[in-house]
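Beneath this line is the structure, given in structure tokens, with notes to follow.
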């Protein structure tokens, strides 16, 4: 029996330092909150795809991988996808929800810069796993 083939989605847990601690960028599509991510194109490195997706979906172009290119990969979800998330830092607070060429409108309905606790409350179980990984990476740095 052959193993299933999964489409790889790549994204970034984007954090911004504030006087009150880190704020996490969460995007809402319909009722689901997640971090910026999207499908890795052929011949594209997942790390580069993650940065491209952040810029396309939010307009943020200054994300750096201050914690290296370690990543967290989810199990399969929504048909045949898995998602790989990196932890990235930005100094940019302004978000511009980009228009998806496929949809002709923004892919997301809303964004929020939120505390870790608020991110946890917004997140689904799959996204909470990613958040727990990011939280641990941030604590290792402190």
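Residue numbers (our numbering): -2 to 139.
Virtual Cβ for every residue (Gly too), placed ideally from N, Cα, C.
Please read all numbers here as calculations on a predicted model, not as lab measurements.
Where does residue i land, buried or exposed, given buried means 16+ other C-beta within 10 angstroms?
{"i": "residue 96", "result": "exposed"}
{"i": "residue 60", "result": "buried"}
{"i": "residue 57", "result": "buried"}
{"i": "residue 85", "result": "buried"}
According to DSSP, what are the bridge partners of residue i?
{"i": "residue 12", "result": "21 and 86"}
When you compare each of the options to residue i by their alpha carbons, which one comes out closest?
{"i": "residue 113", "options": "130, 105, 90 and 104", "result": "130"}
{"i": "residue 124", "options": "73, 48 and 44", "result": "73"}
{"i": "residue 101", "options": "138, 54 and 120", "result": "54"}
{"i": "residue 132", "options": "75, 69 and 77", "result": "69"}
Are the CB atoms of residue i and residue j nearer to each other than 7 Å?
{"i": "residue 89", "j": "residue 80", "result": "no"}
{"i": "residue 83", "j": "residue 9", "result": "yes"}
{"i": "residue 23", "j": "residue 119", "result": "yes"}
{"i": "residue 21", "j": "residue 111", "result": "yes"}
For residue i, decide whether its Cβ has a neighbour in chain D, counting only Cβ atoms nearer than 7 Å.
{"i": "residue 64", "result": "The displayed structure is made up of one protein chain only, and chain D is not part of it."}
Which runs of the alpha helix (DSSP H) at least 4 residues long sit entirely within the stretch 23 to 94? Give them in chain order. Runs of the alpha helix (DSSP H) inside the stretch 23 to 94: 43 to 55.
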